[in-house]
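Structure first, then comments.
Residue numbers (the numbering used here): 104 to 508.
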């Protein structure tokens, strides 16, 4: 029995129950906690007491929903088709087979590790790095996330413009989107990575602040505006230069897919600090979901649009406590990964590597590594593990444009 883990779990559960009684009805959304979770994942404070406090501070759904209800909220989960066999895998980081190196770039303290090229030293801690530019360079999100920067092949700055904190890409990363803030207006831009000076733009009022969520086609994308109370509006920027708002007052948009045209949304928050989620097909209706769930949180869609990532109920800044793959159109569970009983292996930086594999940073007892998860249920290690404090800097970091968390 892992006594330390059991005591921590009991303490967190007790505190959540106490805090649930103080909820005043204000909506608690994915957007409310996303920034705090990112900051805690990048730099955790040392000490078990601080770790517990950090977990409690954001032990709410990061695009995540809740089991273990503290109220009478009904849980409605999509039915699994009889003909579909669910794959369930339990894992630890010990004794895993070593697979191929990640097919996506990732950052370490030495620089960026590029597929088939290895480590490339960097002078700046870019938050995202996408191949592009007219001369075979790169498009990057600045260390502060305030600017989108065009880099040369050797990672030297060529040009830059304000970036509005969020950079999103389509699955093959041929398109990027971000917001350019201004005094009198803000501009949502869609740019081909091959030529970041071209593309489309939508001029919007100066407030509330607008951020891109993801693409629903090669020429249109989902965005959301946020104010002090949370998400004010979810909309689509269309190819013809117009924008349209979703009809229903969803709490937030999580991700979108150009392969299937679907959008993952948070539908409601609950008094027990959990949430409910669903998938919307905007071509059919923006006021109804194809399916809903209060048993999972939702993440990004697979590159081919067949699947959507999901995870367990309550999460902290440490990362996801489990990983599930759902059918994007039905919500049916396809694959579930759960760490072995008695272990804590939070997963962070979770991104799709291919249409049927996922890459994630895993942390277990002061050891960090990058794992590959397959739709078929396999788990393998892709890097040499690195030692480091559970509450210190993350030694591996995935590009921010690939993920909503």
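Note that beta-carbon positions come from the ideal geometry of N, C-alpha and C, so glycine has one too.
Distance from the CA of residue 344 to the CA of residue 292, rounded to the nearest whole angstrom, comes to 11 Å. Boundaries for residue 499: no beta strand (DSSP E) harbours it, and the DSSP string shows neither H nor E there. Residue 394 places its beta carbon 8 Å or farther from that of residue 340.
Residue 210 is bridged by DSSP to 215 and 500.
Taking 8 Å as the cut-off, the Cβ atoms of residue 190 and residue 485 do not count as close. For residue 199, there is no enclosing beta strand (DSSP E), as DSSP marks it with neither H nor E. The criterion of a C-beta distance shorter than 8 Å is satisfied by residue 256 and residue 240. When the five nearest sequence neighbours on each side are left out, the beta carbons in the same chain lying within less than 7 Å of the beta carbon of residue 491 are those of 469, 471 and 498, in order along the chain. Collapsing the DSSP output to three states places residue 505 in a helix. The residue among 287, 296, 206 and 332 with its C-alpha nearest the C-alpha of residue 277 is 296. Taking C-alpha positions only, residue 443 is separated from residue 383 by approximately 34 Å.
In the DSSP annotation of this structure, the continuous segment of the beta strand (DSSP E) that includes residue 466 starts and ends at 460-466. Of all alpha-carbon atoms in 364, 204 and 208, the one lying nearest the alpha-carbon of residue 403 is that of 364. Taking C-beta atoms as the reference points, residue 311 and residue 330 count as a pair closer than 8 Å.
Under DSSP, residue 221 forms a beta bridge with 217. As DSSP reads the structure, residue 363 sits in no beta bridge. Inter-residue distance for residue 367 and residue 488 is about 33 Å (C-alpha atoms, whole angstroms). A contact is defined here as three or more CB-CB pairs under 8 Å, and the region 220-236 meets this definition with respect to the region 268-288. For residue 387, the three-state secondary structure derived from DSSP is coil. One Cα belongs to residue 392, the other to residue 224, and the distance between them is close to 45 Å. Scanning the region 301-361 for uninterrupted alpha helix (DSSP H) segments of 4 residues or longer gives nothing; none is fully contained. At a cut-off of 4 residues, not a single continuous stretch assigned as alpha helix (DSSP H) sits fully inside the region 224-280. Counting other Cβ atoms within 10 Å of its Cβ, residue 313 reaches 16 or more and is therefore classed as buried. Spanning the alpha carbons of residue 361 and residue 338 requires a straight line of approximately 15 Å. In the structure shown, residue 413 adopts extended strand secondary structure according to DSSP, grouped into three states.
The DSSP-derived three-state label of residue 444 is coil. In the assembly as shown, residue 215 is a buried residue. Its beta-carbon has 16 or more other beta-carbons within 10 Å.
Secondary structure of residue 438 (DSSP, three-state): strand. Three or more Cβ pairs drawn from the region 453-463 and the region 399-414 lie within less than 8 Å of each other, which places the two stretches in contact. About 5 Å separates the CB atoms of residue 328 and residue 335; that is less than 8 Å, so the two are in contact.
Counting along the chain, no beta strand (DSSP E) covers residue 405, and no H or E run does either. Excluding residues up to 5 positions away in sequence, 222 lie with their Cβ nearer than 6 Å to the Cβ of residue 213 in the same chain. In this structure, residue 317 lies near residue 325, with their beta-carbon atoms less than 8 Å apart. Taking C-beta separations shorter than 6 Å and ignoring five residues to either side along the sequence, the partners of residue 467 in its chain run 196 and 448, following chain order. DSSP places residue 487 in the coil class of the three-state scheme, outside both helix and strand.
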